[in-house]
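Please read the structure below before turning to the comments.
Take a look at the structure:
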């Protein structure tokens, strides 16, 4: 309809052909080739099940009649290598009768019993009134090890080890004596060592008593600092006490 005409016009009664609007060009991404190449790279053939583990038959070896039937091995002739058993006696055969022996089996058996060694019963013990029996030998009730010749004797390997320790101690003492001469070291007397040890223990008791007097709830920073300080002092004193108790002989440098 002409746009110059009003909305109500006689020309509107004339049927007109509707023209479809032209379609726009189809969208094609510029990354289509790149995406396609990435998809092809990610795909792997037979990735799920893998390649076939069986040998694929050749078209030349097609299935034939009776090819699946099992063939029996060739029949071997049976050869009897073992000797035959004696034949069954005939009904007309009779055993030899009237054979007697002159041996007195009663006296023979009596002599064998008299001359034979008596069978010793197996030693057992019963530990319940119901009659449960157990062997005595593996139970430990029979003294077995105290009857050995080397019972109570120091084994050879222990004597050898003691000699090695003694020799090592002598070499260490010799080395210390040489260092004493070189570095002018002197040995701490036992009385002084004991006095130092007792002093360390008293200090530890003093610090431990102070640690025990702390409050149950550590809710302030000064309390935490004090608790950490006491724990460090106790740990250091325990270390010193352990070192002095472990080493009976202590050498100190004579710097004077």
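Residue numbers (the UniProt record's numbering): 1 to 256. For glycine and all other residues, C-beta sits at the position ideal for the given N, C-alpha and C.
Here residue 13 is exposed, its C-beta having fewer than 16 other C-beta atoms within 10 Å. If you keep only unbroken alpha helix (DSSP H) runs of at least 4 residues inside the segment 120-195, you get 156-183. Under the three-state reduction of DSSP, residue 244 is assigned to helix. Distance from the CA atom of residue 200 to the CA atom of residue 164, rounded to whole angstroms, is 35 Å. DSSP places residue 218 in no beta strand (DSSP E); its state is neither H nor E.
Less than 8 Å separates the beta-carbon of residue 251 from that of residue 186.
Under the three-state reduction of DSSP, residue 27 is assigned to coil, being neither helix nor strand. With 16 or more other Cβ atoms from the protein chains shown falling within 10 Å of its own Cβ, residue 237 counts as buried. Contact check for residue 188 and residue 241: beta-carbon distance about 15 Å, past the 8 Å limit, so the pair fails to qualify.
If you check the CB distance, residue 136 and residue 123 come in under 8 Å.
Across the set 75, 180, 61, 166, the C-alpha of 180 shows the shortest separation from the C-alpha of residue 253.
Going by DSSP, residue 110 is part of the alpha helix (DSSP H) stretching over 105-115.
By the criterion of a C-beta distance shorter than 8 Å, residue 92 is surrounded by no residue of its chain, once the five residues flanking it on both sides are discounted.
Pairing residue 227 with residue 221 gives a Cβ-Cβ distance that is not under 8 Å.
For the set 243, 204, 249, the Cα lying nearest the Cα of residue 232 is the one of 204. Here the alpha carbon of residue 234 sits roughly 33 Å from the alpha carbon of residue 172. Counting only the Cα atoms, residue 249 lies some 12 Å from residue 191. In the three-state reduction of the DSSP assignment, residue 225 falls in the helix class, which pools H, G and I.
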